[in-house]
Amino acid sequence: MKFFQKTLPLFVAGIIILSSCGGDATKELPRIAIAGIAIESCTFSPSVTEEEAFHPKYGTEVFTSYGFLSQDSALYKQALWFPAVVARSLPDGIVSRAAYESIVSKTVDSLKKNGPFDGIYLDIHGAMTVQGMDDAEADYVQRIRDAVGPNTLISASMDLHGNVSPRLAELLDLVTAYRMAPHEDALETKRRAVTNLLARLESGKGRPAFKAYIPIPILLPGEKTSTRLEPAKSVYAAVKPAAAQPGIVDASIWIGYAWADEPRNHAVVMVTGDDQEKVTSTAQKLAKSFWDARKGFSFVAPAGSLDECLAKALASDKHPFFISDCGDNPTAGATGDVTFALKQLLARPEFRNAGGPSLIYASIPGPELVKQALAVGVGGKVDEYVGARIDSRFAGPVKLTGIVESIYKGDKQAEVEVVVRVGSMHVIVSQKRKAYRTEPDFTNLGLKPRDATIVIVKLGYIDPDLYNMKADWMLALTPGAADQDILHLPYKRIQHPMFPFDSNMADPDLKPRMIPAANSKARSQTTPAAKQ
Ligand SMILES: [Zn+2]
Numbered sequence: 002m003k004f005f006q007k008t009l010p011l012f013v014a015g016i017i018i019l020s021s022c023g024g025d026a027t028k029e030l031p032r033i034a035i036a037g038i039a040i041e042s043c044t045f046s047p048s049v050t051e052e053e054a055f056h057p058k059y060g061t062e063v064f065t066s067y068g069f070l071s072q073d074s075a076l077y078k079q080a081l082w083f084p085a086v087v088a089r090s091l092p093d094g095i096v097s098r099a100a101y102e103s104i105v106s107k108t109v110d111s112l113k114k115n116g117p118f119d120g121i122y123l124d125i126h127g128a129m130t131v132q133g134m135d136d137a138e139a140d141y142v143q144r145i146r147d148a149v150g151p152n153t154l155i156s157a158s159m160d161l162h163g164n165v166s167p168r169l170a171e172l173l174d175l176v177t178a179y180r181m182a183p184h185e186d187a188l189e190t191k192r193r194a195v196t197n198l199l200a201r202l203e204s205g206k207g208r209p210a211f212k213a214y215i216p217i218p219i220l221l222p223g224e225k226t227s228t229r230l231e232p233a234k235s236v237y238a239a240v241k242p243a244a245a246q247p248g249i250v251d252a253s254i255w256i257g258y259a260w261a262d263e264p265r266n267h268a269v270v271m272v273t274g275d276d277q278e279k280v281t282s283t284a285q286k287l288a289k290s291f292w293d294a295r296k297g298f299s300f301v302a303p304a305g306s307l308d309e310c311l312a313k314a315l316a317s318d319k320h321p322f323f324i325s326d327c328g329d330n331p332t333a334g335a336t337g338d339v340t341f342a343l344k345q346l347l348a349r350p351e352f353r354n355a356g357g358p359s360l361i362y363a364s365i366p367g368p369e370l371v372k373q374a375l376a377v378g379v380g381g382k383v384d385e386y387v388g389a390r391i392d393s394r395f396a397g398p399v400k401l402t403g404i405v406e407s408i409y410k411g412d413k414q415a416e417v418e419v420v421v422r423v424g425s426m427h428v429i430v431s432q433k434r435k436a437y438r439t440e441p442d443f444t445n446l447g448l449k450p451r452d453a454t455i456v457i458v459k460l461g462y463i464d465p466d467l468y469n470m471k472a473d474w475m476l477a478l479t480p481g482a483a484d485q486d487i488l489h490l491p492y493k494r495i496q497h498p499m500f501p502f503d504s505n506m507a508d509p510d511l512k513p514r515m516i517p518a519a520n521s522k523a524r525s526q527t528t529p530a531a532k533q
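In this note's numbering, the protein residues as written are 2 to 533.
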């Protein structure tokens, strides 16, 4: 009974016969629930996100997202797992209150049914905005806390583009964030959140004694803070060794999310551990290095207008030449249906004839065109409007007239994808919006991006598959809900002074704030922030 007496004296220990691992050892295992909700909500987008966009997973289906927790894995055998609901959407607009309440109530019902728990692993992003609510993740964790009680250890993994308010920091016991952008370490981070939780439960140490929190008044887009390049590379390289020090449980830096307008949107450093001096000095060091580097952040690739990018790409001998249609990047929360770039491409003489430079355009939603393509089949002619159903602020729907080159059914996001040949362009039209981030996203449709002269993607920084494929790459600073020109976005509620908005601001106070434990009598009783 030692384990439970140390960690959760009120809970009755279960004696579990380990039949699944082939032995007959009798061992006490902690009871751990899994839940999560993840989205980047762009509050500059006219789109509203509903529950179906989250593709919620329930029960054992949840494990399919976590390879490290497969039934034959060592981690799986270290606990009794109770997956509740894990909901993950592509970045999009604000989440409808009904969608949020539905997901939260299903989560809470499952937790109440299967509790009590020693621990909970939470898979959250940190940049969700819900209608009529500020700091949605804090509300989510509060509702979970209310369901499971103050003693359950909660360990969360987050995206480094998420935001951490003091209230969220207080509600979580363990928290860790990605250390790479692009997020090549996403699974590793989730695994770390789980292993830290197990380690604290198994050792009986429970929640870390100290949580240091430092808000940093910087708000920058991901396209200026990729860890592939300096200065983010060095700032983030310091995180792993910082977290490995004795007396430290974990250390994280959040860039924060630039396309939402809440007071919590800014960078944050958090360090947790049992050695107060180490925890505070480490947090301070990480925060200072980030602040000192602020003026060095610049775009991850050469940037310009779409015309400038096309001129460079057409004159270049490096192919495929990738161009990111940045303003309408759905992976940053834009709708993906802005027709600004496509309209300009259709007007360009270079791509009008089949013998022109080959260009792949990924992509534009067009359910009517998809319907027509399904009716006429491959080789048939389509003539239909696409795009601008949700975001028509920068250009209206565009008529696409061309030949159906391929039809692909079954993608989880897009559902049906059609490639339409227009002149020398291959335009991907999807039933629903999708971000094209990997080579198979193209080759599944019969496209050969490596052989194309130009590939235009609705992304900001490009994912590893495409990054390795590109011969050259530029960012087209196009309009859309994820506009890279954040200085001109209509923020009303972010805190000031904030870099780069108040570029000559004085150095901020980077002294760590010690955050009370989730079960502390000293808890701040922070009430939810004022509603919008
Ligand atoms: Zn991210």
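Yeah, the Cβ is synthetic: ideal placement off N, Cα and C, and Gly gets one too.
Check	Outcome
Secondary structure of residue 26, DSSP reduced to three states	With a pLDDT of 49 at residue 26, under the threshold of 50, the predicted position of this residue should be treated as unreliable, and no value is reported.
Cα-Cα separation between residue 253 and residue 242, rounded to whole angstroms	11 angstroms
Beta-ladder partner(s) of residue 384, from DSSP	402
Host alpha helix (DSSP H) of residue 291 (start-end)	277 to 293
Cα-Cα separation, residue 517 to residue 478	43 angstroms
Where the alpha helix (DSSP H) containing residue 145 begins and where it ends	137 to 149
Reference residue 81; option with closest CA among 118, 235, 66, 312	118
DSSP-derived helix/strand/coil call for residue 355	coil
Close Cβ partners of residue 466 (< 6 angstroms) along its chain, the five nearest in sequence each way excluded	439, 440
Whole-angstrom distance between residue 146 and residue 361, CA atom to CA atom	48 angstroms
Assigned secondary structure, residue 230 (DSSP; H/G/I helix, E/B strand, else coil)	coil
Residue range of the beta strand (DSSP E) that includes residue 253	249 to 255
Contact under 8 angstroms by Cβ, residue 369 with residue 358	no
Residue 444 - containing alpha helix (DSSP H), residue span	440 to 444
Reference residue 400, options 393, 394, 413, 386, closest by Cα	386
8 angstroms contact criterion, which residue 55 and residue 84 should meet: CB distance rounded	Incorrect: roughly 15 angstroms between the Cβ atoms, too far for contact.
In chain order, each alpha helix (DSSP H) run of at least 4 residues that lies wholly inside the region 321 to 355	341 to 348
Contact check, residue 176 vs residue 157, beta carbons under 8 angstroms	yes
Cβ distance (whole Å) where residue 377 is taken to contact residue 405 below 8 angstroms	6 angstroms
Three-way DSSP call (helix, strand, coil) for residue 369 in this model	helix
For residue 37 and residue 131, the rounded distance between their alpha carbons	15 angstroms
Residue 195 - containing alpha helix (DSSP H), residue span	187 to 203
Start and end residues, alpha helix (DSSP H) containing residue 512	Taken as a continuous stretch (DSSP letters only), residue 512 belongs to no alpha helix (DSSP H), as it is neither H nor E.
Uninterrupted alpha helix (DSSP H) stretches inside the region 442 to 509 (no shorter than 4 residues)	465 to 470
Contact under 8 angstroms by Cβ, residue 403 with residue 333	no
Under 8 angstroms between C-beta atoms of residue 233 and residue 271	no
Cα-Cα separation, residue 198 to residue 503	40 angstroms
Cβ contact (3+ pairs, closer than 8 angstroms) linking the region 256 to 275 and the region 492 to 506	yes
Three-state secondary structure (DSSP) of residue 242	helix
Stretch-stretch touch, CB-based, cutoff 8 angstroms, three pairs: the region 68 to 77 with the region 407 to 424	no
Start and end residues, beta strand (DSSP E) containing residue 81	81 to 89
At least 3 beta-carbon pairs within less than 8 angstroms: the region 287 to 297 vs the region 426 to 445	no
Pocket of ligand 1 defined by Cβ to heavy atom distance under 5 angstroms	160, 162
Cutoff 8 angstroms: residue 300 Cβ touching any chain D Cβ	You won't find chain D in this structure, because it holds only one protein chain.
Touching by the beta-carbon criterion (3+ pairs, under 8 angstroms), the region 158 to 178 and the region 204 to 220	yes
Given 8 angstroms, three or more beta-carbon pairs between the region 39 to 56 and the region 325 to 339	yes
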